[in-house]
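Worksheet: the structure to be examined is printed underneath.
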Amino acid sequence: MMDINAFRAGLAADGFTEVLESALAPGQRIDKHSHAWDARLMVLEGTVTISRADGNSTLFERGQWCEVPGNEPHAEAYGPEGTTLLIGRRHPAR
Numbered sequence: 027m028m029d030i031n032a033f034r035a036g037l038a039a040d041g042f043t044e045v046l047e048s049a050l051a052p053g054q055r056i057d058k059h060s061h062a063w064d065a066r067l068m069v070l071e072g073t074v075t076i077s078r079a080d081g082n083s084t085l086f087e088r089g090q091w092c093e094v095p096g097n098e099p100h101a102e103a104y105g106p107e108g109t110t111l112l113i114g115r116r117h118p119a120r
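In our numbering, the protein residues as written are 27 to 120.
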C-alpha cells in the first residue's frame with residue numbers, strides 16, 4: 027500500500043503535470059478505449075479492474091496503483107461500492 031503523499035511526489039517527479047480526483051459510480055464500466063496521455067492512478071476508495079489488450083486483467087484495491095501508457099487499449103470496471111481514484115496524466119511533448 028502506497029502513501030498518498032509519496033504517490034503525489036512520484037507523479038510530480040515523473041512529469042505527470044495534470045492531477046485530478048475522480049469518483050466513479052458503483053459497478054460502472056468503461057469499454058475498451060485508449061487515450062493520448064500516460065495515466066497513473068491510485069485507488070483511494072473501492073476497487074478498479076484494468077483489462078489490457080493482451081487479455082490480462084488486474085484488480086487494484088485501496089492504496090494500490092497502476093500505470094496505463096498512452097495509446098494502450100484497456101477497459102475499466104469499478105467495484106460494487108463505487109471507486110475514488112487519484113489520477114495523474116502525463117501528456118506527450120508537442
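We put the CB at the ideal spot given by N, CA and C, even for glycine.
Give the single residue among N31, P106 and A32 whose Cα lies nearest to the Cα of E71. P106
So what does DSSP say about A119, is it helix, strand or coil? coil
Count the other CB atoms within 10 Å of the CB of R66; is the residue buried (16 or more) or exposed (fewer)? buried
In this structure, how does DSSP classify R34 when only helix, strand and coil are distinguished? helix
CB R55 to CB E102, shorter than 9 Å? Yes.
Grab the span of the beta strand (DSSP E) containing D40 for me, first residue to last. Segment: none, D40 is in no beta strand (DSSP E) and carries neither H nor E.
Can you list, in chain order, the residues of its chain whose CB lies under 8 Å from that of W91, leaving out five sequence neighbours each side? M28, F33, R66, L67, M68 and V69
Proximity below 9 Å, CB of G114 to CB of L37: yes
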